[in-house]
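Protein chains in written order, with my numbering: chain A, 104 to 314; chain B, 279 to 837.
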Amino acid sequence: MLTGLLQPTRGQVLFEGRDIQSDLVSYRKRLGYVPEAANLYPLLTGQEYLEMVGTFRAMSLAQMKSKISSLLELFSLFAHRHVSLGSYSKGMRQRILLIAALMDNPDVLILDEPLSGLDVTSVLIFKNLIQAFSALGKGVFYCSHILEVVEKVCSQLLILRSGHVIAYGSTEDVRRRIGQSSLERIFLELGEDADVVKVANEIVDVVVAPS
Amino acid sequence: MHLSRLFAGRMFHGSGELGADDLDLGMGVVLIFLAMPGVLVSLLMFEKYGSLIRFLRGDGTFDPFTATIPDEYFFIVLSMVVSCATALWRWNSIFLDRRDYVSLVPLAVSLAKIFLANLFAIFALAALLTVVVNAASFVLFPIAVVGSQGSFSKLFRFAFGHALSVSLSSAFCLLAIFALSGTLLACLPYRIVRKVSVYFRFAVAFCLLAPLATSFTVSSILSGGSKLLFQRLGGMPPWFLGLTETLWGNGNDIFFASLTRRAAFSLGLALLISVISYAVSFRRAFVRIPEFADVGPLPRGRRFPLPAMLLNATILRAAKLRTCYHFVSRTLLRSEAHLQIVLAFTALGLVVAAQTINSAYHPGFFFAAWPPSVALLSIPFILTYCLLVGIRLAFEVPSDLSANWIFKLWIERDGEHARQIARRVLLTFSLGWIAPLCLLYSALLWGWLTALLPTGILIACSMVLVEVLLVRFRKIPFTCPYPAFQSNSPLVLLAYLVGFGIFAVYIPRIARWALETRLGAVGFIPVILLSLAGLRQFRKQMLDMDKQLIFEEDSASRF
Numbered sequence: 104m105l106t107g108l109l110q111p112t113r114g115q116v117l118f119e120g121r122d123i124q125s126d127l128v129s130y131r132k133r134l135g136y137v138p139e140a141a142n143l144y145p146l147l148t149g150q151e152y153l154e155m156v157g158t159f160r161a162m163s164l165a166q167m168k169s170k171i172s173s174l175l176e177l178f179s180l181f182a183h184r185h186v187s188l189g190s191y192s193k194g195m196r197q198r199i200l201l202i203a204a205l206m207d208n209p210d211v212l213i214l215d216e217p218l219s220g221l222d223v224t225s226v227l228i229f230k231n232l233i234q235a236f237s238a239l240g241k242g243v244f245y246c247s248h249i250l251e252v253v254e255k256v257c258s259q260l261l262i263l264r265s266g267h268v269i270a271y272g273s274t275e276d277v278r279r280r281i282g283q284s285s286l287e288r289i290f291l292e293l294g295e296d297a298d299v300v301k302v303a304n305e306i307v308d309v310v311v312a313p314s
Numbered sequence: 279m280h281l282s283r284l285f286a287g288r289m290f291h292g293s294g295e296l297g298a299d300d301l302d303l304g305m306g307v308v309l310i311f312l313a314m315p316g317v318l319v320s321l322l323m324f325e326k327y328g329s330l331i332r333f334l335r336g337d338g339t340f341d342p343f344t345a346t347i348p349d350e351y352f353f354i355v356l357s358m359v360v361s362c363a364t365a366l367w368r369w370n371s372i373f374l375d376r377r378d379y380v381s382l383v384p385l386a387v388s389l390a391k392i393f394l395a396n397l398f399a400i401f402a403l404a405a406l407l408t409v410v411v412n413a414a415s416f417v418l419f420p421i422a423v424v425g426s427q428g429s430f431s432k433l434f435r436f437a438f439g440h441a442l443s444v445s446l447s448s449a450f451c452l453l454a455i456f457a458l459s460g461t462l463l464a465c466l467p468y469r470i471v472r473k474v475s476v477y478f479r480f481a482v483a484f485c486l487l488a489p490l491a492t493s494f495t496v497s498s499i500l501s502g503g504s505k506l507l508f509q510r511l512g513g514m515p516p517w518f519l520g521l522t523e524t525l526w527g528n529g530n531d532i533f534f535a536s537l538t539r540r541a542a543f544s545l546g547l548a549l550l551i552s553v554i555s556y557a558v559s560f561r562r563a564f565v566r567i568p569e570f571a572d573v574g575p576l577p578r579g580r581r582f583p584l585p586a587m588l589l590n591a592t593i594l595r596a597a598k599l600r601t602c603y604h605f606v607s608r609t610l611l612r613s614e615a616h617l618q619i620v621l622a623f624t625a626l627g628l629v630v631a632a633q634t635i636n637s638a639y640h641p642g643f644f645f646a647a648w649p650p651s652v653a654l655l656s657i658p659f660i661l662t663y664c665l666l667v668g669i670r671l672a673f674e675v676p677s678d679l680s681a682n683w684i685f686k687l688w689i690e691r692d693g694e695h696a697r698q699i700a701r702r703v704l705l706t707f708s709l710g711w712i713a714p715l716c717l718l719y720s721a722l723l724w725g726w727l728t729a730l731l732p733t734g735i736l737i738a739c740s741m742v743l744v745e746v747l748l749v750r751f752r753k754i755p756f757t758c759p760y761p762a763f764q765s766n767s768p769l770v771l772l773a774y775l776v777g778f779g780i781f782a783v784y785i786p787r788i789a790r791w792a793l794e795t796r797l798g799a800v801g802f803i804p805v806i807l808l809s810l811a812g813l814r815q816f817r818k819q820m821l822d823m824d825k826q827l828i829f830e831e832d833s834a835s836r837f
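What follows is the structure, given as structure tokens:
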């Protein structure tokens, strides 16, 4: 719904005070989106895919070519640009999605588990990239289950459970309100009913039980 | 046993090739489809050999072992074609692949067990297909021919001879395909196999369709039962016909005995090669899978940038249209599943075209004769029709549905993009090469001025055909699930057949008339314009909702 792929049954998604559904095309032009699963057309090469996205984004040919080349180089994919996406590793596909989201200088980034499959260096680069991006005044909507990263890169926190908002505010505020020291504890306090230690022990019991 | 069942199921349901969503119709539906040709042809035999019909024709007594030779030949060819087509369809699922390696090798299952289980599954499936493809003719054909003669021994001899011949011919074809697939895997690097296998299949499909297309002609030649003609036929079907003759009591005949020996030898050889090649490919390809990179589909088409540049500068100037066109054309050329459909229809077109020339040919036939032969004029029409229908059908096969979010995100739903893209792909992939060839060969045969008319008619009629094929089209090709099976599907099939009759039979006749009268050509212009206007009006009357771009439909699982 935030990307405009789904229509809300009720409510609105507002961007700069306007309903995004009123002009989806111009909203998407300012949006960079990295979906949770790196679903890309395996028959296209990395370069072809990025050119397709660049054309959809109505980028000029010269700008598109130079951005694609530079970003491929920076994300260590330049040597693989003519290889089909079907042969890319999960991390490589994820990097292509990141390039596709960033290449048109978006004002809003929606990132759904963007670090999945990335190598250590790329994760570190990416964490810094998000912070640098928000320092430029751009909005980054970061959705993740990896709480350590969320804690590190997010200034505002929103916790959802079964489609309901159970906590919202700055990370510090939420921490203070719940009285917990880490996000992991906040999440356990608010979001999970299960006793995780007990469940883990029960799993071990089942695994080691004699047949 | 569990493993064999798993492998057999995988061969039926598809291997989930990278980038293609296999059409999973379910085992029952597949088996019914495979049995249908045999059922239909066997039922036709009741009409031909029914005692009442023979009595009315004044053909009361007949020798079933001589009179049925042409039909037996047709049954052998049909059995071979259906079996071979099935094996070609499931080519990628026959041998074990990376997915099997990843799922099975880490388990406590020995490689020998995996090897034997898949071998057993291959042979079990070959046996099942052999029975299913021929089951109806095992029973119905002997009853239709000998049932009324009141002799059980004759019925048994006829049925046994027929059943064994068609079964063995079917088994031979299946084994030959397994052998071919295994040999490719055993001898060539995996990358190359992926690249060339689709062309191999195209060649095999062409070789298969040729005897099917000529079977009626051959059947009429065989009515005489001359040994000389047997010799002239060549190929494998006559060997198995020789086997039938031997089993029907002509075993002492040296000629039939030699054909029977050839059939037995070829069957044994196919079995031997398929087992050896399977063993070698297992050792060379499957066991060493972790050593190879998962190359995925190979990018093609970067070697010829000029046509793409020309298209970009002419009919693909709009950016979104251009990028969607390149996506569709790349998928069509690189995806094995899609290329397979297009090549199958191309092979069909080539065979029908060859058969058309063959049937028109007679001693004294002159290619450059005036007025031009309808058969020669119809060649480009046949090829264009088959290719257009093939590509249109390929559009319905999705390619990695989960990746279509990029189109959902960027293509406006109320745009006309779908038809514009599909139209350009259809026209460039068919007329792009057929029209220049048509112009060239017509010019060589009848002169440049004359060549312009049939080529012009071909282009105009193809444009109308494309509009007809796309009249309700509203998807970006390859981005939607399979359309659900609809109750009007038989009607659609019938429409395609009628369309072939009009496009590839009647229009070439009209083209010839136009060439003869010259004035007739002028009459074509209003007909084409009226057809296009009619289609435009039809689309205008459609609800806006029915014109909107879609990405989802009910899945074919309801089938």
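We put the beta carbon where it would ideally sit given N, CA and C, even for glycine.
Enumerate, from N- to C-terminal direction, the unbroken beta strand (DSSP E) stretches of 3 or more residues contained entirely within the region 231 to 275 of chain A. Counting only runs of 3 or more, we get 242 to 246, 259 to 264 and 267 to 273.
Just the C-alpha distance for H740 (chain B) and A811 (chain B), rounded to the nearest angstrom, thanks. Checking the displayed sequence, the identity of residue 740 (chain B) turns out to be Ser instead of His. Rounded to whole angstroms, S740 (chain B) to A811 (chain B) spans 15 Å at the Cα level.
Of all the options B:D378, B:F543 and B:L397, which has the alpha carbon lying nearest to the alpha carbon of S282 (chain B)? For S282 (chain B), the closest of B:D378, B:F543 and B:L397 by C-alpha to C-alpha distance is B:L397.
Looking at the structure shown, is T148 (chain A) part of a helix, part of a strand, or coil, going by DSSP? If DSSP states are grouped into helix, strand and coil, T148 (chain A) belongs with the strands.
Mind reading off the beta-carbon distance from P209 (chain A) to G135 (chain A)? Whole number of angstroms is fine, and I expect it under 8 Å. Indeed, because the Cβ distance is near 3 Å, the residues count as touching under 8 Å.
What is the DSSP secondary structure of Y136 (chain A), reduced to helix, strand or coil? Here DSSP, grouped into helix, strand and coil, assigns Y136 (chain A) to strand.
Shorter than 8 Å from the beta carbon of T728 (chain B) to some beta carbon of chain A? Chain A places no beta carbon closer than 8 Å to that of T728 (chain B), leaving this residue out of the contacts.
Give the DSSP-derived three-state secondary structure of D126 (chain A) in the structure shown. Taken through DSSP and simplified to helix, strand or coil, D126 (chain A) comes out as helix.
Could you check the C-alpha separation between V309 (chain A) and V300 (chain A) for me, to the nearest Å? So the alpha carbons of these two residues sit roughly 14 Å apart.
Tell me whether L109 (chain A) sits in a helix, a strand or coil according to DSSP, three-state version. Three-state DSSP puts L109 (chain A) in coil, outside helix and strand.
Where L407 (chain B) and F659 (chain B) are concerned, what is the direct C-alpha to C-alpha distance, given to the nearest angstrom? Pairing L407 (chain B) with F659 (chain B), the inter-Cα distance amounts to about 35 Å.
What are the boundary residues of the alpha helix (DSSP H) that includes D822 (chain B)? Looking at the DSSP string, the run of the alpha helix (DSSP H) that includes D822 (chain B) is D822 to K825.
Could you pull the start and end residues of the beta strand (DSSP E) that V211 (chain A) belongs to? Segment V211 to D215, the beta strand (DSSP E) holding V211 (chain A).
Fully enclosed by the region 337 to 398 of chain B, which alpha helix (DSSP H) runs are 4 residues long or longer? Counting only runs that start and end inside the region 337 to 398 of chain B, the alpha helix (DSSP H) elements of at least 4 residues fall at 342 to 345, 347 to 367, 369 to 372 and 376 to 382.
Is the CB-CB distance between Y603 (chain B) and I699 (chain B) below 8 Å? Between Y603 (chain B) and I699 (chain B), the C-beta spacing is below 8 Å.
Between D824 (chain B) and chain A, is any beta-carbon pair separated by less than 8 Å? With a threshold of 8 Å between beta carbons, D824 (chain B) makes no contact with chain A.
If you follow the alpha helix (DSSP H) that P313 (chain A) is part of, which residue opens it and which one closes it? Looking at the DSSP string, P313 (chain A) is not in any alpha helix (DSSP H), and its letter there is neither H nor E.
So, L704 (chain B) versus L666 (chain B), is the Cβ gap smaller than 8 Å? Yes, Cβ-Cβ distance for L704 (chain B) and L666 (chain B) is below 8 Å.
7 Å Cβ shell around S555 (chain B) - same chain, five flanking residues per side excluded: Closer than 7 Å at the Cβ level, and outside the excluded window around S555 (chain B), lie A457, G460, T461 and A464.
What are the start and end residues of the alpha helix (DSSP H) that includes M167 (chain A)? Residue range L164 to L177 is occupied by the alpha helix (DSSP H) that includes M167 (chain A).
Buried/exposed call for W526 (chain B), threshold 16 Cβ in 10 Å: A residue is called buried when at least 16 other Cβ atoms come within 10 angstroms of its Cβ; W526 (chain B) meets this threshold and is buried.
Alpha-carbon spacing of V417 (chain B) relative to Q826 (chain B), whole angstroms: Each residue's CA atom was taken as its position, placing V417 (chain B) and Q826 (chain B) some 52 Å apart.
By how many angstroms is the C-alpha of V411 (chain B) removed from the C-alpha of K391 (chain B)? Rounded to the nearest whole angstrom, the CA to CA distance from K391 (chain B) to V411 (chain B) is 30 Å.
Starting from the C-beta of C716 (chain B), find all residues in its chain whose C-beta is less than 7 Å away, skip the five residues before and the five after it, and write them out in chain order. Apart from the 5 residues on each side of it in sequence, C716 (chain B) sits with its Cβ closer than 7 Å to the Cβ of P658, P732, T733 and L736 in its chain, given in chain order.
Run down chain B in chain order and give the residues with a C-beta less than 7 Å from the C-beta of N208 (chain A). Chain B residues near N208 (chain A): none, gap ~17 Å exceeds 7 Å.
Under 8 Å between C-beta atoms, does I619 (chain B) make it to chain A? Interface flag for I619 (chain B) against chain A is unset, since no Cβ pair is found closer than 8 Å.
Give a yes or no on whether the minimum CB-CB distance between T274 (chain A) and chain B is below 8 Å. Not an interface residue.
Is DSSP giving S835 (chain B) helix, strand or coil here? Residue confidence is low: S835 (chain B) scores 44 on pLDDT, short of 50, so the model does not pin down where it sits. Its coordinate-derived value is still stated next. Reduced to three states, the DSSP call for S835 (chain B) is helix.
Does chain A have any CB closer than 8 Å to the CB of F605 (chain B)? Chain A contact via Cβ: present.
List, in chain order, every chain B residue whose beta-carbon is nearer than 9 Å to that of P217 (chain A). Residues of chain B whose Cβ lies closer than 9 Å to the Cβ of P217 (chain A) do not exist, since the nearest Cβ in that chain is about 15 Å away.
For G157 (chain A) and A672 (chain B), I'd like the C-alpha separation in whole angstroms. Rounded to whole angstroms, G157 (chain A) to A672 (chain B) spans 27 Å at the Cα level.
Roughly how many angstroms separate the alpha carbons of C485 (chain B) and F478 (chain B), rounded to a whole number? So the alpha carbons of these two residues sit roughly 11 Å apart.
With the cut-off set at 8 Å, would you say V675 (chain B) and A615 (chain B) are in Cβ contact? Yes. Within cutoff.
Taking C-beta pairs closer than 7 Å, name the residues in chain B that M155 (chain A) reaches, listed in chain order. Those are T601 and F605, listed as they occur along chain B.
Distance, Cα to Cα, Q819 (chain B) vs V749 (chain B)? For Q819 (chain B) and V749 (chain B), the distance between alpha carbons rounds to 12 Å.
For R332 (chain B), the three-state DSSP class (helix, strand or coil): If DSSP states are grouped into helix, strand and coil, R332 (chain B) belongs with the helices.
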